[in-house]
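Q: Each step along the sequence shown adds one to the number in our numbering, with nothing skipped, and position 141 is 134. Let me begin by handing over the structure; questions about it come next.
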Amino acid sequence: RAVPALHDGRRLPVGRHRSPALGYVVEGEARTYFAGDTGLFDGMEKEVGPVDAALLPVGGWGPYLGAEHLDAGRAAEALTRLAPRTAVPVHYGTYWPFGMDAVRPHEFHTPGDEFVRLSALRAPGVAVHRLGHGESVRVEVAR
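See the structure below:
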């Protein structure tokens, strides 16, 4: 099912095409929240509901993210609201402005590590899995 997200629905900052920003809760053996592009928003836990796993964006296409994006710290805060059993940081280490890898290469990969570190402090009961490209994790479901 589609759930709200806090994000400008345009693909380009000055684009005229706009659509609602959405996340998704996919139910099967486990209930998984794919946040899409979003920032923290009031009522997030109510809109999303109980989930076993949360796939949360922790980076973006540049070193500085606005309020309509989750960075590692805001994603760790989202864990305290959502209380999933498992979390996976996503949306980092893929898209990066041309040339930035030479200027700030550490910022390309560090959001995942920073999310793991902050999640251990803020939501120690959540098992966080920082996956490499092509890796997977099987979610333990308590039902």
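For each residue, glycine too, the CB sits at the ideal point set by N, CA and C.
Which word fits T137, buried or exposed, when buried means at least 16 other C-beta atoms lie within 10 angstroms of its C-beta?
A: Outside the displayed span of the chain (-6 to 136) sits residue 137, for which this structure offers no information.
Q: Below 8 angstroms, can you find three or more Cβ-Cβ pairs linking the segment 110 to 118 to the segment 68 to 76?
A: The segment 110 to 118 vs the segment 68 to 76: in contact.
Q: How long is the line joining the alpha carbons of R67 and R9, rounded to whole angstroms?
A: Start at 1 with the first residue of the sequence shown, and residue 67 comes out as number 74. Start at 1 with the first residue of the sequence shown, and residue 9 comes out as number 16. Near 29 angstroms, if we compare the C-alpha coordinates of R9 and R67.
Q: On a Cα-Cα basis, can you pick out the residue from H84, L111 and G16 that is closest to F101?
A: As a working mapping, residue 101 is identified with position 108 in the sequence shown. Nearest of H84, L111 and G16 to F101, Cα basis: H84.
Q: Taking only the alpha-carbon atoms, compute the straight-line gap between E20 and V7 and give it to the nearest angstrom.
A: Working through the sequence shown from its first residue, we reach residue 20 at position 27. Working through the sequence shown from its first residue, we reach residue 7 at position 14. One C-alpha to the other measures close to 36 angstroms.
Q: For D64 and M37, I'd like the C-alpha separation in whole angstroms.
A: Position 71 of the sequence shown, counted from the first residue, corresponds to residue 64. Position 44 of the sequence shown, counted from the first residue, corresponds to residue 37. Approximately 16 angstroms between the Cα atoms of the pair.
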